[in-house]
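Numbering (the numbering used here), first residue to last: 20 to 922.
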């Protein structure tokens, strides 16, 4: 019988499909799917391999008898404790009334960290519960002796053991459904019955500290989002239901009540405004799909109730799918309001919901939440040219997860959306080169039940070719909901440059002001520090990794900080060229300028970043950072820069020694941040000289990579070379040129005493290799004349080895004229490249007037104008109506015309 249509608040109508007579299974497949699965195993090698792998894994334990596996579950076998007590993030004790049956043991702590090794199933004593804790090997002691470990010291070992056991039982349930062998069913039923009865008689844990943790706890773990064992229990129950109904009919209501208790706990606890909400929703949705109709339960809460709750309803800690998407996604950019690592989780969860709705409800969720498609399409914008994500916030950079594209292809195929099918197929084939083989059944599949169903190889259109990365990224991109922007001059792994700039807006963010990451020669050479060695509850995270001094930013008076995790401290984008998300060719120059009010010191900060190409395969970065306290009385402004590598040199730009001496500065002493105390091996020199630093990665192939850095000198400035804790954010990346975890981070600090507005930090960066040396011969800083303003004007002259010369001018305002050498301008940023004394490229950023030699630009309103010569022709793009004069001939250019040839 078809279920009634549910009219949903978010505008969609979902039909809760019947599965035959509302029977089981219904989660992965239906009873009619058995024949198809058996045929798949018979015809497809990958399917036979998966089946054989599952059979081997299950029979290893089913041959030992039906209760061998269930007896290794971590339960309160003797005490039958109904109540669990914790203190914050650690287990305290269990007690309460004695339940009629053993109950499920609780995890030791919120985090994974423990010195004890998780035992193999074969090494676990049956029916083990001891007041002393768990008998485990201590890996921190010589010889790794066995000892009694208090539960609070065991991390998440309890959960890990139970998940493995339930996983094997799930495999056995599937094999019973497929083959009818009772040996599989009896073992699976023993595990399921023991565990779910234990949940039924257990209560939600109580935090003796009466703290925030009480709002996060699940039935078995310290976070409701860690209750992943549900994802295995659900299909276990679904496949095994007929056997359970036949052998334990009196327990069916107990199982259902246990599942519902779990769902109610997840709805009541957790976090509604970030990635947690979706993980919570997925667990509840999974439970809902294997429950019976509302009418079969005394409280009226069955399948329809919980599906409706997830889709429609919002409570204090559980928002509807639509409300969460409206809160977290920028509808213009498709970017989620968390750091990239957690954004990947969210887009994956939404894409899985699309798949779940398609498979179980027959409804296209993307029609009701269209930002899902945009979010999947936007994910490549996070990528550096090495195809790995940028690393701001609590991110561990990685390659894009490709299942999101697969889910979107399947959705498009099911609902006849040809254009979307082609779009996402092209993305899938680009980011997963193995997709074609999987489609043809040639690749190996995971030994998992899901490989036959939700993860089954997707048939792709062989005529659809893989896309190119430039189809999915743009030269510039800005998403205000996370205060993040990027600039690229290409996506070539070895030669392209890219800047990632972030503030602190959204979740899993750090106190980092205007933080910069720089890419070069295949690596994030100037990376974000990461999350720390103990996660975001660890001391090193709280004191260092989440704070200003671990980032490439400027810290004022040693005190700059603000709340981390959920942060609301965005920068404001003032100017950007090219425009964000504009589908234009990569430009020979790009720039951005942002403003930030640092709250702790009440300081104004701006950062101007540029990329300037010197050839088709080389270029350099411009970084101009201004900083001052609003009310004056500036003590100091510290410019922090961290770079990959094992060797750092710091000298005067002319090559002379700075006579660096050991120092105790950069310290907590003086009422500064704790983070300063994490910096060590500090040497410094007080100097007004221009400096040059080199950060070198000693490569295994001897083609060493070096980041060259030139910085303008100023009076009252002290420069430091130092080491900082290892760059944990990139420590999980495979095939790095050295052991990131064992190498401290090369650190440069420039301390400007007093304000750093009229004496900003002005730097040029260029990544090079031994086989492809620097295109820059020298960097100079000519004097600047101005007709007004604050005096925050700088000029940088970059002399190139090919004889060309780039003259860069920057001012904090575009309302007054400033000049240096042969250039004068009313703009905040400008470039004039000369060849044999004549301009060949001119760029005016956020300006109305620029003149260099015979080249003149006049714009009606402040805008960005690029003029350059190529193959004997002058080309121009302009964001404002402008008059361009070249060699005495004037040309009118209209705003937004795109690239035009000046005739």
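Note that beta-carbon positions come from the ideal geometry of N, C-alpha and C, so glycine has one too.
Contact check for residue 483 and residue 444: beta-carbon distance about 4 Å, within the 8 Å limit, so the pair qualifies.
Nearest to residue 766 by alpha-carbon distance, out of 298, 430 and 546, is 546. Under DSSP, residue 357 shares a beta bridge with 526.
Taking 8 Å as the cut-off, the beta carbon of residue 853 is found closer than this to the beta carbon of residue 824. The three-state reading of DSSP puts residue 770 in strand, counting E and B together.
Under the DSSP definition of a beta bridge, residue 534 partners with 521.
With respect to the 8 Å criterion, residue 597 and residue 887 are not classified as neighbours on the basis of their beta carbons. Put simply, the stretch 572-579 touches the stretch 688-707. At least three CB pairs are less than 8 Å apart.
Secondary structure of residue 182 (DSSP, three-state): helix.
Rounded to the nearest angstrom, the Cβ distance from residue 583 to residue 529 is 5 Å, consistent with a contact under 8 Å.
Counting only runs of at least 3 residues, the stretch 725-750 fully encloses the following beta strand (DSSP E) elements, listed from N- to C-terminal order: 736-743.
In the DSSP assignment, residue 656 falls outside any alpha helix (DSSP H) and lies within the beta strand (DSSP E) extending over 655-662.
Scanning its chain for C-beta atoms nearer than 8 Å, with the 5 sequence neighbours on each side dropped, one finds around residue 556 the residues 108, 129 and 130, in chain order. Excluding five sequence positions before and after residue 76, the CB atoms of its chain that fall closer than 8 Å to its own CB belong to 187, 190 and 466, given in chain order.
Residue 149 sits exposed, since fewer than 16 C-beta atoms from the chains shown fall within 10 Å of its C-beta. DSSP, read as helix, strand or coil, puts residue 645 in strand. Here residue 74 is buried. Its C-beta has 16 or more other C-beta atoms within 10 Å.
When the Cα atoms are used, residue 897 and residue 861 turn out to be separated by approximately 12 Å. Judged by DSSP in its simplified three-state form, residue 465 adopts coil rather than helix or strand. In this structure, residue 284 sits away from residue 215, with a CB-CB distance that is not shorter than 8 Å.
At a Cβ-Cβ threshold of 8 Å, residue 702 and residue 682 count as neighbours. Using a 10 angstroms sphere on the CB of residue 337, the tally of other CB atoms reaches 16 or more, which defines it as buried. Comparing alpha carbon positions, the residue from 570, 537 and 899 closest to residue 786 is 537. If you check the CB distance, residue 349 and residue 527 do not come in under 8 Å.
Of all alpha-carbon atoms in 515, 533 and 260, the one lying nearest the alpha-carbon of residue 581 is that of 533. Taking the C-beta atoms as reference points, residue 383 is found no nearer than 8 Å to residue 341. Within a 10 Å sphere around the beta-carbon of residue 792 sit fewer than 16 other beta-carbons, which makes this residue exposed.
The C-beta of residue 773 has 16 or more other C-beta atoms within 10 Å across all chains shown, which makes the residue buried. Pairing residue 492 with residue 402 gives a Cβ-Cβ distance under 8 Å. Secondary structure remark: continuous beta strand (DSSP E) runs of at least 3 residues inside the stretch 801-845, in chain order: 812-819, 824-830, 837-839 and 842-845.
Comparing C-alpha distances from residue 729 to each of 714, 735 and 743 shows the shortest one belongs to 714. For residue 506, the enclosing beta strand (DSSP E) has its first and last residue at 503-507. Residues 296 of the same chain have their beta carbon placed closer than 6 Å to that of residue 343, with the five preceding and five following residues left out of the count. Excluding its 5 nearest sequence neighbours in each direction, residue 164 has C-beta neighbours in its own chain below 8 Å: 156 and 157, listed in chain order. Per the Cβ contact rule, the stretch 834-844 is in contact with the stretch 862-882 (3 or more Cβ pairs under 8 Å). Here residue 700 carries a strand assignment [DSSP, helix/strand/coil].
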